[in-house]
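The block underneath contains the structure these notes are about, expressed in structure tokens.
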Amino acid sequence: MSTVAGFALGWAGTAVAQDTPRWSEVDCAQSRLSTPPGLQCKASQNYAGGDSSTGSAGGTFRRWLASGRMNGAGVFYYLAEATSL
107 MSTVAGFALG WAGTAVAQDT PRWSEVDCAQ SRLSTPPGLQ CKASQNYAGG
157 DSSTGSAGGT FRRWLASGRM NGAGVFYYLA EATSL
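Each residue of the sequence shown is one higher than the last, beginning at 107 in this note's numbering.
As structure tokens, this is what we get:
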């Protein structure tokens with residue numbers, strides 16, 4: 107058991123630094139997404155690293171999203187943009 111714990115602790119020390127995306131409201135006309143009118147748009151700041159779904163990729167990224175309701179249905183648009191690699 108101590109061998110496994112030692113390996114886990116040693117491996118954790120090699121983690122790559124990553125930022126946490128922070129979301130802000132943006133005008134949909136300024137978004138990278140082309141969406142129908144009436145949705146609410148948000149964007150993250152440029153942030154370093156990847157996320158849990160992409161691993162620890164290098165570079166910087168930005169996320170965009172738009173959401174709302176159209177004709178009684180919920181809609182959600184999402185874009186992950188690499189701003190530098």
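Note that beta-carbon positions come from the ideal geometry of N, C-alpha and C, so glycine has one too.
Which residues bound the beta strand (DSSP E) around GLN151? As a first step, residue 151 is located in the sequence shown; it is residue number 45 there, counting from the start. Run containing GLN151: none; DSSP gives neither H nor E here.
Is the distance from the Cβ of THR141 to the Cβ of ASN152 below 8 Å? Within the sequence shown, numbered from 1, the residue matching residue 141 stands at position 35. Within the sequence shown, numbered from 1, the residue matching residue 152 stands at position 46. No, the Cβ-Cβ distance between THR141 and ASN152 is not below 8 Å.
With the cut-off set at 8 Å, would you say LEU191 and ARG138 are in Cβ contact? To locate residue 191, count along the sequence shown from 1; it is residue 85. To locate residue 138, count along the sequence shown from 1; it is residue 32. Cβ distance not < 8 Å, so LEU191 and ARG138 don't count as in contact.
Cα separation between VAL132 and ALA172? For the purposes of this step, residue 132 is taken as residue 26 along the sequence shown, with counting starting at 1. For the purposes of this step, residue 172 is taken as residue 66 along the sequence shown, with counting starting at 1. Whole-angstrom Cα-Cα distance: 10 Å.
Go ahead and label THR109 buried or exposed: buried means 16 or more other beta carbons lie within 10 angstroms of its beta carbon, across all protein chains shown. Locating residue 109 in the sequence shown gives position 3, where the first residue counts as 1. Note on THR109: pLDDT 47, under 50, position unreliable in the model; the coordinate value appears next. Result: exposed.
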